[in-house]
Amino acid sequence: MSFSSTPGIQSTASDVEILRAFEPIVRYTQGEKFFPMDVERYLLASSLWLYVPDSLDEEVVPEGALTIEGLVERREAPFGSLFYLRFVGQLDLQESAKALAGQRELAKRQQSEFHAGVGRLARGGLLPRLIDGLFSLSLLLRGNVPGATAAAAALKYAELREQDEKYVYQGRVTRQSGWTICQYWFFFAYNPWRSGFHGVNDHESDWEMISVYLFEEAGRLVPEWVAYASHDFHGADLRRRWDDHYDLELEGQHPVVYAGAGSHASYFRAGEYQAEVPIPAPQRIKKLAEALGGFWRTRLGQGDEKKSPLRIPFIDFARGDGLAIGPGQPNEWTPNLVDETTSWASKYRGLWGLYAQDPISGENAPAGPMYERDGSPRPSWFNPLGFAGLDQVPPPPREVAVLDGECARLETRRGELDRLITEETSTLQELGVRLQSMHGSPHLATEAARLEAQTAEQATKLGGLRRERSENEAVLEGLKRQIERRRLHGPGDARAHIRNAAEPVAASKMRFDRAAELWAAVSMSLLLIGLAVLILVAPGEVWAAIIVLLIAFVVGESVLRGTFVRTVNRVAVILALVAVVVLFVQYWELTLVALLAALAAFLLIQRLRELRA
Amino acid sequence: MEPHEDQSHPPDPRPDAKRPVAVTLVGLLMFAVGAYNVVDGVVVLVNGGDNSSLAGGAVEIVFGILAIGIGNGALRMRRWAWAAFMTLAVVGLTHQLLRNFFYDHPNYLSLALTSLAVFALTPLDVQIAFGVRPPRNVLLEHTRNPIDSL
Chain A
1 MSFSSTPGIQ
11 STASDVEILR
21 AFEPIVRYTQ
31 GEKFFPMDVE
41 RYLLASSLWL
51 YVPDSLDEEV
61 VPEGALTIEG
71 LVERREAPFG
81 SLFYLRFVGQ
91 LDLQESAKAL
101 AGQRELAKRQ
111 QSEFHAGVGR
121 LARGGLLPRL
131 IDGLFSLSLL
141 LRGNVPGATA
151 AAAALKYAEL
161 REQDEKYVYQ
171 GRVTRQSGWT
181 ICQYWFFFAY
191 NPWRSGFHGV
201 NDHESDWEMI
211 SVYLFEEAGR
221 LVPEWVAYAS
231 HDFHGADLRR
241 RWDDHYDLEL
251 EGQHPVVYAG
261 AGSHASYFRA
271 GEYQAEVPIP
281 APQRIKKLAE
291 ALGGFWRTRL
301 GQGDEKKSPL
311 RIPFIDFARG
321 DGLAIGPGQP
331 NEWTPNLVDE
341 TTSWASKYRG
351 LWGLYAQDPI
361 SGENAPAGPM
371 YERDGSPRPS
381 WFNPLGFAGL
391 DQVPPPPREV
401 AVLDGECARL
411 ETRRGELDRL
421 ITEETSTLQE
431 LGVRLQSMHG
441 SPHLATEAAR
451 LEAQTAEQAT
461 KLGGLRRERS
471 ENEAVLEGLK
481 RQIERRRLHG
491 PGDARAHIRN
501 AAEPVAASKM
511 RFDRAAELWA
521 AVSMSLLLIG
531 LAVLILVAPG
541 EVWAAIIVLL
551 IAFVVGESVL
561 RGTFVRTVNR
571 VAVILALVAV
581 VVLFVQYWEL
591 TLVALLAALA
601 AFLLIQRLRE
611 LRA
Chain B
1 MEPHEDQSHP
11 PDPRPDAKRP
21 VAVTLVGLLM
31 FAVGAYNVVD
41 GVVVLVNGGD
51 NSSLAGGAVE
61 IVFGILAIGI
71 GNGALRMRRW
81 AWAAFMTLAV
91 VGLTHQLLRN
101 FFYDHPNYLS
111 LALTSLAVFA
121 LTPLDVQIAF
131 GVRPPRNVLL
141 EHTRNPIDSL
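Protein sequence lines correspond, in order, to chains A and B. Positions 1 to 613 (this note's numbering) are the ones given, in order, by the first sequence. Positions 1 to 150 (this note's numbering) are the ones given, in order, by the second sequence.
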C-alpha cells in the first residue's frame, strides 16, 4: 500500500479526471457471476414492458430493438401502471432445465464456484431457521423471480462479457455546500443473493453506489470522507474519514470496497456480515414486540442486546477472494459520466428489470440511480450529503470559520441578553412593588388581579431570557473547547461520528462443528416428521408430546451450539411465566387477598413510621 | 443469531462474588426439598411394597441427594449449581404444567416454589455473581459498534 505525498487532485481537473483519481478498487467474492456493466448493452439485450393492474403485461419494445432513445421516449400510461425492463424472458420447462445445466457448466468453466463453508446453517437458531423456512415458503405466495431466471441471466451476462469484457461505473461529480462529491454508480444485470448465496432476495438488475467527498484547499481537491451503501445502516454510519485506518483500506488514493456476494452491498472490510432484514409487520405488532422485548430484557434480566424478534438474520459474504476491479488490478474500470442531463437516468422512471409484483418489493427490480421504485426522487442522488449525514458538516477549511462565526453570534446574543435581562428585571421589580402597594386596599382588587397576571407574564418572560442565556453559555463553552481541540489536535477522532458499524462476524461465532451443522440441516425436518408421527401414534396426548418434543429440540440444539446455560434459563423463565398465570387463574381470590394484605401492611408500616417520626 | 456461550468466564467461584439473599433462600429451599425427598424415599424403601413403589422410593432418594448437592453448590455460588437448578426447574415446571393442562393433580406448591426460585436466580446481577454471565463492563464487547467498547 502506498500513500501519495500530495493527496488530492488539482481543482481545475475535469470531472472524468477527478473521478479517475479516486475511483475505488472493488473486490468481489469467489463465485460472483455479475459485475458492473454499461447500461447500453444491457438495454440492447432487454425488452421493455408495461404493467397495468388487472390486465396482462404488454411488451412495448422487444429484445434487440431497445436503445436509450427508445427507453426514454415519452409514452402515455394509465395511473397505477409501471414500465419495466426484462433481461430474461419467460422460460418454459425445457429452457429452464437448459439454463440450469448451462449455469453448472459455466461455473466449472470459469472455475468460480461459491462455497458457503461449514457453519452457515448453524448460524441461526431454531427459530430463525423456522422463520427462514417460512420466508422461503412465502415466496410461493408472493411474486418472485422464477427459479431458472438467475441461471439464464448468468448465461446471458457471461455471453455479453465474453463479447466485450469491460467493467463500467457511471460516474457523477456534483458540488454542494463547499463539498465536491464523486459518486460511483455500479449497475449489475442481476442480483442473485437468494439463488446463489443463501440470501434474502433475487431481482433483475441492481444498482449500488459509493461516494467520495472532497474539499478544496490551496487549489487542490482533497478527499475527506468516503461512504458505502450498505444493509442496515444509514446517515453518518455509512461514511468513514479518509484517515480512518481501522476500517478504510486505501491503495494510493483509491478506497477498497468488499462487495457482498450476490447482494453487491459494499463493505469496508473483508468478511462475512450478518445482515438483518425486517419482517414487514403492522406498526401495532412492532410496538407490541418491542414492549415484550423490553420486558424480557429489563424486567426478566434476559439478553444484553436489543434485538427485534421481527427480523430475519442472513449472511452477506464479502470475502474479497474473487475478481478485483480497479486501478492497479488485473481489471480496470471504464468510466461513463452521468448527470441530470443523462436521458436514461433522468427521463426513465420505470424499473430496470422484472417487476415480479412482490408486495414487499424484495424481488422487484430497482429503479434507476435518480429514482425510487415508486418514481419519487432517490435521496442519495438529490441529497448526497444528507445520504452520508454530511449535510451538517462543513468542509474542513470552513470548519474553524463556521465555529468562529457561531461563537461571535452567541457572544453578540449574550450581550443582548444581558441588556434585556437588566431591563426586564427592572420592569418586573416595578410591577412587584406596585402590586405589593395594593395589598390592603379592597377598592383596587380588579387592578391588583390585572397586575398580578401581568407580573406572572413578565416573570415567565424573564425566566425564558435567563434560560436562553444559560443555554447559550453552555453552547459557547462547547464551541470554544471544539476550536481549541481542533487547534491542538487537528480534526479529532476519525470514528467519533459512528454509532453503528458493520463488523464482520467473528470466526468464533461463525463456525460450528459438523455435528451442529448436520443438526441444523436436519432438525427442522426431523421436528416436523416427529410431529406427524405423534399425531398418528398418540393422538390423545399429542399436545403434551409436542410441548415435550419442542423443549427437547430447543435444549438439545443449545447443547450443540454451545448456548445451553442461556437457553435453559430462557426456557425456565418462559415456563415460570406460564406457571404464574396458571397459579393466578387457580388461586386468584387467594392471590388478591394476599396482595391486599401486603398492600395494607406496607401502608400501615409507612404511616406508623411517619407517626414515630 | 445466537451468540456462542462466552468463553471468557471468570474462574468458578468468583472471588468477589457476594451471595444475594434470594440465592440463600433458594439454596436452603433446595436443602429442605432434598432432605424431605431423602427421608420420604428411605421411608418408602423401609416399608417395602411392590417394585413400582420401591423404584419410586429409590428415584426420590437420588433426586433428594441431587437437590442437596445443588443447594450446597448454590450456597457456595457455583456456576454448575445454577445451570443444574435451571435444568431441574425446566423438567419440574414442564412436568407440573403438563399435569395441569393435560392430566390431573398438579402440585401447585411445587409450581409456585420453582417459579419463585427461577425468578430469584434469573436477574443479571445474580447471574453475574454465579459467573454465568460476564460482568457488566464486559457485556459491552458484544455490541456491534467498536467505539462503544473503548
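Using N, Cα and C, we set each Cβ at its ideal position, and we do this for glycine too.
Leaving aside the five residues before and after residue i along the sequence, list all residues of the same chain whose C-beta is less than 8 Å from its C-beta, in chain order.
{"i": "A:D391", "result": "S177, N383, L385"}
{"i": "A:R499", "result": "A236, D237"}
{"i": "A:L479", "result": "L403, E406, C407, L410"}
{"i": "A:W344", "result": "V39, L43, I68, L71, V72, G368"}
{"i": "A:A158", "result": "K33, L106, Q110"}
{"i": "A:A13", "result": "A21, L221"}
Nearest to residue i by CA position, among the options, is which residue?
{"i": "A:W381", "options": "A:A21, A:I181, A:P491", "result": "A:I181"}
{"i": "A:E23", "options": "A:V580, A:L596, A:T422, A:Q183", "result": "A:Q183"}
{"i": "A:S11", "options": "A:E372, A:G294, A:R220, A:A107", "result": "A:R220"}
{"i": "B:A112", "options": "A:P366, A:A601, A:L583", "result": "A:L583"}
{"i": "A:W193", "options": "A:R284, A:I210, A:A259, A:Q253", "result": "A:A259"}
{"i": "A:Y371", "options": "A:E340, A:L410, A:K287, A:A148", "result": "A:E340"}
{"i": "A:E332", "options": "A:A401, A:R349, A:N364, A:Y167", "result": "A:Y167"}
{"i": "A:A516", "options": "A:A545, A:V555, A:G492, A:V548", "result": "A:V555"}
{"i": "A:S376", "options": "A:V393, A:N364, A:R349", "result": "A:R349"}
{"i": "B:L75", "options": "B:V90, B:P20, B:Y108", "result": "B:P20"}
{"i": "A:H497", "options": "A:R299, A:D244, A:E208", "result": "A:D244"}
{"i": "B:A117", "options": "B:D104, B:G92, B:Y103, B:F102", "result": "B:G92"}
{"i": "B:I70", "options": "B:A32, B:A55, B:N107", "result": "B:A32"}
{"i": "A:D162", "options": "A:V548, A:T567, A:F34", "result": "In the sequence as displayed, the identity of residue 162 of chain A is Glu instead of Asp. Nearest of A:V548, A:T567, A:F34 to A:E162, Cα basis: A:F34."}
{"i": "A:E363", "options": "A:N201, A:M37, A:N569, A:H115", "result": "A:N201"}
{"i": "A:W179", "options": "A:V222, A:K347, A:D164, A:P491", "result": "A:V222"}
{"i": "B:F119", "options": "A:A597, A:A576, A:A598", "result": "A:A576"}
{"i": "A:W543", "options": "B:N100, B:M77, B:V23", "result": "B:N100"}
{"i": "A:E204", "options": "A:G31, A:A579, A:A365", "result": "A:A365"}
Assuming the contact rule is C-beta atoms closer than 8 Å, residue i and residue j should be a hit. Round their C-beta distance to whole Å, please.
{"i": "A:W185", "j": "A:R172", "result": "7 Å"}
{"i": "A:G432", "j": "A:T455", "result": "6 Å"}
{"i": "A:L410", "j": "A:R469", "result": "Not quite, the Cβ-Cβ distance comes to about 10 Å (not below 8 Å), so this is no contact."}
{"i": "B:G41", "j": "B:G27", "result": "Incorrect: roughly 21 Å between the Cβ atoms, too far for contact."}
{"i": "A:A367", "j": "A:L351", "result": "6 Å"}
Which same chain residues, not among the five before or five after residue i, have their C-beta less than 7 Å away from its C-beta?
{"i": "A:A594", "result": "none"}
{"i": "A:R20", "result": "P335"}
{"i": "A:R241", "result": "E224, W225, A494"}
{"i": "A:T563", "result": "none"}
{"i": "B:M1", "result": "With a pLDDT of 37 at B:M1, under the threshold of 50, the predicted position of this residue should be treated as unreliable, though the coordinate-derived value follows. No residues qualify anywhere along the chain."}
{"i": "A:L66", "result": "L43, L44, S46, S47, L48"}
Once the 5 residues before and after residue i are set aside, which same chain residues still bring their CB inside 6 Å of it?
{"i": "A:A107", "result": "E113"}
{"i": "A:E457", "result": "none"}
{"i": "A:V256", "result": "I25, E249"}
{"i": "A:E247", "result": "According to the sequence as given, residue 247 of chain A is Asp; it is not Glu. Hits under 6 Å: R240, F268."}
{"i": "A:S96", "result": "A148"}
{"i": "A:Y28", "result": "A259, G322, L323"}
{"i": "B:T114", "result": "A89, G92, L93"}
{"i": "A:T342", "result": "none"}
{"i": "A:Q170", "result": "W185, N336, V338"}
{"i": "A:P327", "result": "H254"}
Taking Cβ-Cβ distances below 9 Å as the criterion, which residues of the segment 108 to 125 of chain B are in contact with chain A? Y108, L111, A112, T114, S115, L116, A117, V118, F119, L121, T122, P123, L124, D125
Do the segment 257 to 268 of chain A and the segment 227 to 245 of chain A meet, that is, are 3 or more Cβ pairs less than 8 Å apart? yes
Relative to chain A, which residues along the segment 86 to 97 of chain B have a C-beta separation below 8 Å, given in chain order? M86, T87, A89, V90, L93, T94, Q96, L97
Interface residues of the segment 12 to 43 of chain B facing chain A [CB-CB below 7 Å]: none
With three or more C-beta pairs closer than 8 Å as the rule, is the segment 96 to 111 of chain A touching the segment 151 to 162 of chain A? yes
Could you tell me whether the segment 287 to 295 of chain A touches the segment 208 to 219 of chain A, using the rule of 3 or more Cβ pairs below 8 Å? no
Is the segment 394 to 403 of chain A close to the segment 473 to 487 of chain A, with three or more CB pairs under 8 Å? yes
Output, in sequence order along the chain, the residues in the segment 45 to 65 of chain B whose CB is closer than 9 Å to any CB in chain A. none
Do three or more CB pairs link the segment 79 to 95 of chain B to the segment 33 to 48 of chain B at distances below 8 Å? no
Tell me which residues of the segment 569 to 586 of chain A have at least one Cβ-Cβ distance to chain B shorter than 7 Å, keeping chain order. N569, V571, A572, V573, L575, A576, V578, A579, V580, V582, L583, Q586
Contact residues within the segment 543 to 556 of chain A, judged by C-beta distance below 8 Å to chain B: W543, A544, I547, V548, I551, V555
Contacting positions in the segment 68 to 87 of chain B - beta carbon closer than 7 Å to chain A: A83, M86, T87
Residues in the segment 68 to 79 of chain A with C-beta within 9 Å of chain B's C-beta atoms, listed in sequence order? none
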